[in-house]
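In this note's numbering, the protein residues as written are 2 to 510.
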Ligand code: BES
Ligand code: MN
Ligand code: ZN
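Listed below in structure tokens is the structure:
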């Protein structure tokens, strides 16, 4: 089956001009619930005032009201509720951008212009509008051959009335890169598991970074065996689709490197993403209901690909390594079983108590490998536990890490990027959960209680002396309920956190 195009990139531009003169299929005008109404053409200003008076338009977030474009160069206007102007952060702007783009596509309008008024004219907001509009170009129905609901988004203009045009134009370009990085992650996450096997994921990585400053090395099964990665191989052995270990490396050019004074001795960040292209649970098989969802068990690896896409396009100040262990977890005559004891590349032995706790096994070998490649700071990203989704719902991702200062650096990167990360405890008192009578550790605790925490305890054993943080995105990587700014499907969660970390010039811990 051929792979499909999940998005086209809209051509983005900054326009400094009066709104009435902007040519597009639809001019999107944000309407705040409280705050200034920026200069609108007379007719439009009085229509908005009338709608507000009659309470037909309150400016509540994502409220939509369509009008004809009388007297404007654009034939249609979408009044888009934007909430209080004082709350118009970059996060709000991103969502408004996506909502605007999706609404336009819903009406078959492929050229959209968004009026960045009031607080939305800030540099961070303009960047986020561009990002949101790029996110809106994503197709969740790329495999439909007919009856596709949304058209393509071909172009998006961000219209400002004033301001530092060159700074804002740069912000639009960066926003486009960030949005595309997230779409890269969403596109691989959305591929069905028969198409996206571990080998195909590795091929995608090679294609994605050909000719860029990111180098890609793919370890195939014999190469993985050479490195004694018994945990990764144990999970992989039940599948006809052989595993891969994808290793990405980004190194800044020397001018950037000296700019932050980080030579070879500086911190080396490793981003490690779980990529189980399909998780049946193995011999400890999952129930049939919703098992199809387990194609998204590679969203951690997808997020790493997205982050490196941004590094390739926009650069960063330090060396970053990406490691994506890619496997399929299947039950078969060759599958690993509960009761098996596996030996990982680090030498630690693991008693398998549940073959469905496979993510931590492949990450164990991958985290250890990252330390061998010289990483000083690790972040792993994984759809790791149902327990994390139970604990935090579909809103926050679980955050763990040590030392606390590094975990907080990651949390703050999430806040800047617009990912909500909530830290969960991991004190020594929890350690007993992973004790084994016959090996160094079990892979699954004997209790469901604290399931996200026991998984994190397991991972920490493979991080050596490096600073380590872990993001559990099981509850946040896939949207089951559509929102005006997020269609059902892969969310691209954590991509922006990883980009913020990889591109920030902070000294860390
Ligand atoms: N991929 C799953 C976790 C998951 C569950 C992600 C639901 C997204 C939605 C993971 O491999 C898994 O199966 N974890 C088990 C661990 C248990 C056996 C200790 C779980 O969460 O039940
Ligand atoms: Mn599993
Ligand atoms: Zn899994």
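Beta carbons: idealized from backbone N, C-alpha and C, even for Gly.
When the alpha-carbon of residue 451 is set against those of 143, 63, 431, 278, the nearest one is in 431. Residue burial is scored here from C-beta neighbours: residue 473 has at least 16 other C-beta atoms within 10 angstroms and is therefore classed as buried. For residue 326, the enclosing beta strand (DSSP E) covers residues 321-330.
DSSP assignment within the stretch 140-201 yields the following whole beta strand (DSSP E) runs of 3 residues or more, N-terminal first: 156-161.
With a cut-off of 7 Å, the C-beta of residue 359 is classified as near the ligand ZN, since at least one heavy atom of the ligand falls inside that distance. It is roughly 14 Å from the alpha-carbon of residue 372 to the alpha-carbon of residue 348. Judged by the Cβ position, residue 195 fails to qualify as a neighbour of the ligand BES at the 7 Å threshold, every heavy atom of the ligand being at least this far. Looking only at 505, 488, 493, 63, the smallest Cα-Cα distance to residue 151 is reached by 488.
Rounded to whole angstroms, the Cβ separation of residue 189 and residue 205 is 6 Å, and the two are in contact under 8 Å. Boundaries of the alpha helix (DSSP H) harbouring residue 227: 222-227, taken from the DSSP string. In this structure, residue 280 has its beta carbon less than 7 Å from a heavy atom of the ligand ZN. Proximity of the beta carbon of residue 298 to the ligand BES is indicated: a heavy atom of the ligand is located closer than 7 Å. Within the stretch 427-487, the runs of alpha helix (DSSP H) that reach at least 4 residues and sit entirely inside it are, in chain order, 452-461. Pairing residue 224 with residue 272 gives a Cβ-Cβ distance that is not under 8 Å. Under the 10 Å beta carbon count, residue 96 is surrounded by 16 or more other beta carbons and is classified as buried. By the 16-neighbour rule on beta-carbons within 10 angstroms, residue 55 is exposed. Distances from the CB of residue 277 to the heavy atoms of the ligand ZN include at least one below 7 Å. Residue 31 carries a strand assignment under DSSP once its states are collapsed to helix, strand and coil. Per DSSP, the continuous beta strand (DSSP E) segment holding residue 279 begins and ends at 276-280. Residue 230 and residue 246 have their C-alpha atoms some 10 Å from each other. Distances from the CB of residue 444 to the heavy atoms of the ligand MN are all 7 Å or more. In the structure shown, residue 243 adopts coil according to DSSP, grouped into three states.
The beta carbon of residue 407 lies closer than 8 Å to those of 378, 468, 469, 470, 509, 510 in the same chain, with the five residues before and after it left out.
Buried is the label assigned to residue 479, since at least 16 other Cβ atoms lie within 10 Å of its Cβ.
Secondary structure of residue 272 (DSSP, three-state): strand. Taking C-beta atoms under 8 Å as the contact rule, residue 73 and residue 31 fail to qualify, at a distance of about 16 Å. A direct Cα-Cα distance of roughly 8 Å separates residue 282 from residue 358. Within the stretch 348-375, the runs of beta strand (DSSP E) that reach at least 3 residues and sit entirely inside it are, in chain order, 350-352.
About 14 Å separates the CB atoms of residue 251 and residue 178; that is not less than 8 Å, and the two are not in contact. Separation of the CB atoms of residue 276 and residue 299 is rounded to 4 Å, and the pair is thereby assigned contact status at 8 Å.
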